Amino acid sequence: MVSPLLLSTATLLFTLDLIGTFVFALSGAAAGVKNKLDPFGVGVLAFVAGNAGGVTRDLLIGAVPPAAIKDWRYVAVSLLAGGVTFLWYQSIRRFRPIVLLLDAAGLGLFAVSGTQKALAFGVNPFVAALLGMLTGIGGGVLRDL
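First residue of the sequence shown: 11, per our numbering; consecutive thereafter.
This is the structure we're talking about:
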């Protein structure tokens, strides 16, 4: 049986992961709206920005299918961020400093969670740290391309 503390810690980490995905997806969707993409393009860019780093990490460590594909909540959170941004871009632009702060916090969270997942799959610590970095920056790099 799983201890309540472990379960609540896992739930907290998962919740923070979804929040980070949402914030990263907001930045991707904002880039899409800024470049005058249609709703589909904004949704794709939101998903890529929110999930590409984790998907790449999962593929490299052999965690297939990747969590962002296996669990519908990652797709839903990304598309929600895309829809919110597409519909209310001007309002979201006003909160840019807050979004940037959350984006920075999400980067750190994704780096740590990515490293943890790589270590759990038996990757050596140095490579796990690199994969953690990839988890944090992967979506932003693809968004900026």
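Here a beta-carbon is modelled for each residue, glycine too, at the ideal position from N, C-alpha and C.
Only a predicted model underlies this, so the values are computations on that prediction, with no experimental measurement involved.
When you compare only the Cα positions, how much space is there between residue 127 and residue 110?
-> As a working note, residue 127 is residue 117 in the sequence shown. As a working note, residue 110 is residue 100 in the sequence shown. Each residue's Cα considered, the two are about 25 Å apart.
Between which two residues does the alpha helix (DSSP H) harbouring residue 141 extend?
-> Indexing the sequence shown from 1 puts residue 141 at position 131. Looking at the DSSP string, the run of the alpha helix (DSSP H) that includes residue 141 is 135 to 154.
Confirm, please, whether the CB-CB distance from residue 52 to residue 113 is below 8 Å.
-> Against the sequence shown, residue 113 aligns to sequence position 103. Against the sequence shown, residue 52 aligns to sequence position 42. Cβ atoms of residue 113 and residue 52: not closer than 8 Å.
Residue 104 classed as buried or exposed, judged by whether at least 16 other C-beta atoms fall within 10 angstroms | By 1-based counting over the sequence shown, the position of residue 104 is 94. By the neighbour-count rule (16 or more Cβ atoms within 10 Å), residue 104 is not buried but exposed.
Close beta carbons around residue 116, own chain, < 7 Å, minus the five adjacent residues each side = The residue labelled residue 116 in the question sits at position 106 within the sequence shown. If we look at residue 116 and ignore the five residues flanking it on each side, its Cβ neighbours are 30, 33, 34.
Is it the case that the Cβ atoms of residue 70 and residue 76 are separated by a distance below 8 Å?
-> Your numbering for residue 70 matches position 60 in the sequence shown. Your numbering for residue 76 matches position 66 in the sequence shown. Taking 8 Å as the cut-off, the beta carbon of residue 70 is found no closer than this to the beta carbon of residue 76.
By how many angstroms is the C-alpha of residue 131 removed from the C-alpha of residue 93?
-> For the purposes of this step, residue 93 is taken as residue 83 along the sequence shown, with counting starting at 1. For the purposes of this step, residue 131 is taken as residue 121 along the sequence shown, with counting starting at 1. Approximately 34 Å between the Cα atoms of the pair.
Extent of the continuous alpha helix (DSSP H) run through residue 47 = Here residue 47 refers to the residue found at position 37 of the sequence shown. Bounds of any alpha helix (DSSP H) do not take in residue 47, whose DSSP letter is neither H nor E.
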